[in-house]
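Q: First, the structure itself, so that you have it in front of you.
Numbering (my numbering), first residue to last: 3 to 97.
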């Protein structure tokens, strides 16, 4: 059982309203959680989940560049290994 006692099921409409107040109306999570009597951390989780599902989380451009560069590095390493093997193969044939 949770620390605070028995869990209560919060209606989806309340959840949706709370998230919309934070995301669309620009209210703070603290403000909305107090207004609606919700746990602050619970509302944080709902907002984060909503933003992830709707691709609203702003990604750091550097992270995207690092991801792209790692992918490019892996591709170049693979190509390098193939070229080394091909070079060894053709070197054997010429001897």
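C-beta: ideal position from N, C-alpha, C; glycine also.
Terminal residues of the continuous alpha helix (DSSP H) containing residue 13?
A: Careful: residue 13 lies outside any alpha helix (DSSP H) and carries neither H nor E.
Q: Please confirm if the stretch 67-77 is in contact with the stretch 42-58, defined as three or more CB-CB distances below 8 Å between the two stretches.
A: With a cut-off of 8 Å, the stretch 42-58 and the stretch 67-77 do not count as touching, because too few Cβ pairs lie within range.
Q: Quick check on the burial criterion: 16 or more other C-beta atoms within 10 angstroms. Buried or exposed for residue 3?
A: Below a pLDDT of 50, predicted positions are generally treated as unreliable, and residue 3, at 42, falls in that range; no measurement from the model is reported.
Q: Quick one: what does DSSP say residue 84 is sitting in, helix, strand or coil?
A: Correct three-state label for residue 84: helix.
Q: Where are the alpha helix (DSSP H) runs, 4 residues long or more, that stay fully inside the stretch 24-70, in chain order?
A: Listed in chain order, they are 31-38 and 42-55.
Q: Within this structure, are the beta carbons of residue 48 and residue 25 separated by less than 7 Å?
A: Not in contact: residue 48 and residue 25 (Cβ atoms no closer than 7 Å).
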